[in-house]
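Take any residue in the sequence shown, note its place counting from 1, add 40, and you have its number in the numbering used here. Working notes, beginning with the structure itself.
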Amino acid sequence: MKTTLLKISFIFLFLSLIGAGCEKDEELLWEISPDSETSVIQKEVDGIEFKFCLLNENGEPTSVFNEGENFTFQFSFKNNTPDTVVVTPEFINDDFFRVYQVVDSKQKDLGKPYDGIWCEYVAIFNYFKLKTKETGGLQCPWVSLEGEATRPFCVSNRRNFLQQGDYFTQIKLDFHYNTNSKERNIKAIVLKINFQIK
């Protein structure tokens, strides 16, 4: 009886360990903050080089802005593979370029710098085709001026400049692309920029 109970316990323990190994992959976090040595997140995965930063009004990457200063989100991806890559736009989700204010360790959703995606571009924009060493990307200012947003963003409402405080924005990658008729997906990576308005 004790032997049977011991065997059952061992089998249960073994199955628990196997099940623990099958859990969802952990997200990889690439993060910068105002005290980081760099103001740009730049990493390469599977031959695609990702770059995410905030630009000041002079077009320079930074994570510290003055109150009343506008800033622009910039996300790009470069094809470092030897083949042409076709990137489909699933990575532009509803939280893309969303800003959160951090107050007393709590997050307040301040929204996005754009009102919608694909409003007027559906017929002309449905993928990025990049030859070797070519770069594709998107940018959008927080406070929009005419013509500053990159398609497919639609901007009609003006945002207010951010007040002094601590903020962050992040991109959760679900990056689909094709190369040599093979579908690929880079996911479970978060690019997070902590920034400050002073």
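Note that CB positions come from ideal geometry on N, CA and C, so glycine has one too. No experiment lies behind these values; they were computed from the predicted model shown.
Terminal residues of the beta strand (DSSP E) in which residue 84 lies: Reading the sequence shown from its first residue, position 44 is the one you call residue 84. Annotation: the continuous beta strand (DSSP E) that includes residue 84 extends over 80-85.
Margin query: Between which residues of its own chain and residue 130 is the CB-CB distance below 7 Å, once the five residues before and five after are set aside?
Written below: Here residue 130 refers to the residue found at position 90 of the sequence shown. Excluding five sequence positions before and after residue 130, the CB atoms of its chain that fall closer than 7 Å to its own CB belong to 214, 216, given in chain order.
Alpha-carbon spacing of residue 167 relative to residue 78, whole angstroms = Within the sequence shown, the letter at position 127 stands for residue 167. Within the sequence shown, the letter at position 38 stands for residue 78. Straight-line Cα distance between these residues: approximately 30 Å.
Could you tell me which residues DSSP pairs with residue 70 in its beta bridges?
On the sequence shown, residue 70 is found 30 positions in, with the first residue counted as 1. Answer by DSSP bridge pairing, in chain order: 231.
Buried versus exposed, by CB contacts within 10 Å (16 or more), residue 235
Within the sequence shown, numbered from 1, the residue matching residue 235 stands at position 195. With 16 or more Cβ atoms within 10 Å of its Cβ, residue 235 is classed as buried.
Does DSSP classify residue 181 as helix, strand or coil? Residue mapping note: residue 181 aligns to position 141 of the sequence shown, counting from 1. Strand.
Could you say which of 82, 87, 152, 95 lies nearest to residue 125 if we only look at CA atoms?
Taking the first residue of the sequence shown as 1, we reach residue 125 at position 85. Distances from the CA of residue 125 to each of 82, 87, 152, 95 were compared; the closest alpha carbon is that of 87.
Give the DSSP bridge partners of residue 210, in chain order. On the sequence shown, residue 210 is found 170 positions in, with the first residue counted as 1. Residue 210 pairs with 232.
Residue 201 and residue 110 look like a contact to me (Cβ under 8 Å); what is the Cβ gap, rounded to whole Å?
Counting from 1 along the sequence shown, the entry for residue 201 is found at position 161. Counting from 1 along the sequence shown, the entry for residue 110 is found at position 70. Contact between residue 201 and residue 110 holds, with the beta-carbon distance rounding to 7 Å and staying under 8 Å.
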